[in-house]
Structures are given as C-alpha cells and as structure tokens.
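Chemist:
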Amino acid sequence: MDPRSEVLLRQAELFEGELLLAGLPADDLLGTLPQACGWNWHAGDQALLAARFAGRSHFGTRMPEGHYHAAVLFLPKSRELTDYLLQALASCLAGKPLYLVGEKRGGIERASKQLAAYGKPRKLDSARHCQLWCVEVNQAPPVPDLHALAQCYPLQLSDGALEIVTLPGVFAHGRLDRGSALLLEHLHDLPSGHLLDFGCGAGVLGAALKRRYPDSELSLLDVDAFALESSRLTLARNGLTANLIAGSGIESAPEGLSAIVSNPPFHQGVHTDYQASENLLTQAAHHLGKGGELRLVANSFLKYPPLIERHLGPCRTLAEAEGFRIYSARR
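839 is the number of the first residue of the sequence shown in my numbering; add one for each residue after it.
So this is what it looks like as structure tokens:
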C-alpha cells in the first residue's frame, strides 16, 4: 500500500460514502473504500486500476461528473497543476471537505497553503513521512477553464515557425528545455514512414517532425493526460495532425515504425525513475521496422550507449552540448 494511502486509512471513518480520489496511486485503496471512485491522469496507474477495479477510475484532464460528499487530492509535483486540480475539486464541494495528502519531501506543507483559497486548512495527520490536510469549502469556485491556463511560446525552426502550447504540470511548461532544443537541431535524414515521438510532452518534437516530414504518419505517445492534451493543442494551433496515444511506455507504441524520436522522461512524481527510458532502449527494436532508427537526447552522464548497442545496434553520437548528447542507432 502506498504510504499516502496508509495515512488516509488511519482516518478511514472520514472517507466512507461517495468519495473522489484524484491522482490516486495504483494500490488497493479503491478496494478498501468500496464507494470511492478515482480520477487519474497517469496512463500506467490507470491501466492497473482499470484491470482491478473496472469502471471505478476515470482517465483524463477533467474531473469526472458525480455527486461527491468529499474529495482527496494526492499532491502532484507541479504547483500550477495543484492549483487547477484543487479548484476543479472545490467547484463541486460547497460546504463539503476537500482533503490534500502528500509526502513531506514532495512539499505537502507548502502545498497545504493553497487550500486557504477555499477555507481554513487543518492538518489532520502526519505519518509514513506524509501529511493529511483538510479544508471545508466555504464557497465553491467556478469550474476552472483548463485551456485558459495554457502558456504559449513561439519556436523558430529552419523550415518555419511553430507555436507551442503547454498546460500546467507538463514538462518544461511555458519554455523550451535544453535537451529538446538540441534534438530539434538534429532531426534531419530520418527514414520515411511512421514516426513516433515517445514521451511527447507538449508536442514540441512531434510538431517539428510533422512539419519536416509532412507525408509521414506521426504518432505521439505519453503517459500523462495533460501532456497529451498539450500536444493536441500544439498540433491544432499549427494546423498539423497526428495520432495521440496514452500509454505507460514503449510497449504501448505501434510496431513497424520507421523512427522513434525521444527526449525520454525520467521522473515519476518527486522521484527519479529511469525505467521508462531504459525500457525504450531495450524494447525499441520490437517496434522498429527493418532499418528503423532510434534517435534520442539524454544527459551525458547516463550510460545509454552500451544498452542501445546490446539491444538495437551500433550507437552513434550525433552531437554533444550543454551536458546532453544525441544518440542514434538503427535496427
């Protein structure tokens, strides 16, 4: 059981009845709280929950409809995303309790101050290196407009300008990160066919690929619903089309790809997790057609070339700058 769930269950009498668990972990909490339902934006957690508790957890960027007597938000990493989620939950909880639970190392005490917009926050429990806070929603705010919270920035490329749209909680919200900036300079001479932007985030690489290779089919894959919505907005803003795939890793990708392009993720919440990136390197060959190419950017200190060569083929370093390297290998 996740330690945050354990803290909730220390106060189990508070969580009887119709309850919404937002951002819940993929553990047995729904089994312990039979009248609760979940709202998740992590495709991996959602798949696990759906397999065990069919129909009781909903995936997406918007709160599922329902008549809830209370809601619990499992603290996400982003402060801006926390603001959106708290407002979305509070909008349907006038006179009802809204709970916030999270790890101390994740900044739960700081985040608890965000509850003050809806009433007087109270700390109910502290255990398992986590804290549980509560506020009675004095006056429900309006339902937030997620798209109104989007940040846009222009991206000048050699073949024209793009406009990138990012939503709260998405990697590099409102800016271009250094790794993607380097990879954008090295997208030439990819094999034609079906291209995949793995870990697409706001769709920076995907939009650039579709602009450069307009006749190629393009898919964008990410674990996060807010990232996929950002990518959808970015593509629409630039008049581009692609397939959007919600998946926990490369195993969710199509087969027979001509190229996989990626600035792979390595964070899960407040923790560093390289599993998705390492799975990409070890399983890319199963999703690439013959002659297909894996091209990615990674921190220079990560020992990726031996892993790439063991599972795919000879690995070339195409560029190195500012602590990042561009790697390429063909099946």
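Beta carbons are placed, not taken as given, at the ideal position from N, Cα and C, and that holds for glycine.
Measuring only the C-alpha atoms, how far is alanine 988 from leucine 923?
Modeler: Computed Cα separation, rounded: 14 Å.
Chemist: Compute the Euclidean distance between the alpha carbons of histidine 1109 and arginine 943, then round it to the nearest angstrom.
Modeler: Residue placement at histidine 1109 is poorly supported in this model, since its pLDDT is 47, which falls under 50; the coordinates still yield a value, given next. Computed Cα separation, rounded: 10 Å.
Chemist: Please confirm whether alanine 1122 has its beta-carbon closer than 7 Å to some beta-carbon of chain C.
Modeler: Looking at the structure shown, chain C is missing, and only one protein chain is on hand.
Chemist: Cα separation between alanine 1175 and leucine 1022?
Modeler: Any answer about residue 1175 is impossible in this case: the structure gives the chain only from 839 up to 1169.
Chemist: Indicate whether leucine 936 and alanine 926 have their beta-carbon atoms separated by less than 7 Å.
Modeler: No. Outside cutoff.
Chemist: Look up isoleucine 1002 in the DSSP assignment and give the residues it is bridged to.
Modeler: Tyr991.
Chemist: Could you check the C-alpha separation between valine 975 and arginine 1163 for me, to the nearest Å?
Modeler: The straight-line gap from Cα to Cα measures roughly 49 Å.
Chemist: Rounded to whole angstroms, what is the Cα-Cα separation between glycine 940 and valine 845?
Modeler: Whole-angstrom Cα-Cα distance: 9 Å.
Chemist: In the structure shown, what three-state DSSP assignment does leucine 871 receive?
Modeler: Leucine 871: coil per DSSP, three-state reduction.
Chemist: Which same chain residues end up closer than 6 Å to isoleucine 1002 when comparing Cβ atoms and leaving out the 5 residues on each side of it in sequence?
Modeler: Counting only Cβ-Cβ distances below 6 Å, and skipping sequence neighbours, we find Tyr991, Leu993, Ala1040, Val1042, Thr1072.
Chemist: Looking at C-alpha atoms only, which residue of Ser1018, His880, Pro982, Leu859 is the closest neighbour of threonine 870?
Modeler: Residue Leu859 is the option with its Cα nearest to threonine 870.
Chemist: Could you tell me the distance, in whole angstroms, from the CA atom of lysine 1048 to the CA atom of glutamate 856?
Modeler: Cα-Cα distance, rounded: 45 Å.
Chemist: On the CB-based measure, 16 or more other CB atoms within 10 Å of its CB, does glycine 1087 come out buried or exposed?
Modeler: Result: buried.
Chemist: Go through its chain and collect everything with a Cβ distance to glutamine 1121's Cβ below 7 Å, but skip five positions before and after it.
Modeler: Only Ile1088, Glu1089 meet the Cβ criterion.
Chemist: Considering just the uninterrupted stretch of the alpha helix (DSSP H) at threonine 920, what are its terminal residues?
Modeler: Its alpha helix (DSSP H) spans residues 917-928.
Chemist: Label alanine 889 either buried or exposed according to how many other C-beta atoms from any shown protein chain fall within 10 Å of its C-beta, with 16 as the threshold for buried.
Modeler: That one is exposed.
Chemist: When the Cβ atoms of the stretch 1059-1078 are set against those of the stretch 1122-1130, are three or more pairs found closer than 8 Å?
Modeler: As far as the Cβ criterion goes, the stretch 1059-1078 does not touch the stretch 1122-1130, which means the pair count is below three.
Chemist: Could you give the C-beta distance for leucine 962 and glutamine 849, rounded to a whole number, given that I count them as a contact under 8 Å?
Modeler: At roughly 6 Å, the Cβ-Cβ gap stays under 8 Å, so leucine 962 and glutamine 849 are in contact.
Chemist: Whose C-beta lies closer than 6 Å to the C-beta of leucine 970 among residues of the same chain, with five residues either side of it excluded?
Modeler: Only Val845, Val939, Leu962, Asp963 meet the Cβ criterion.
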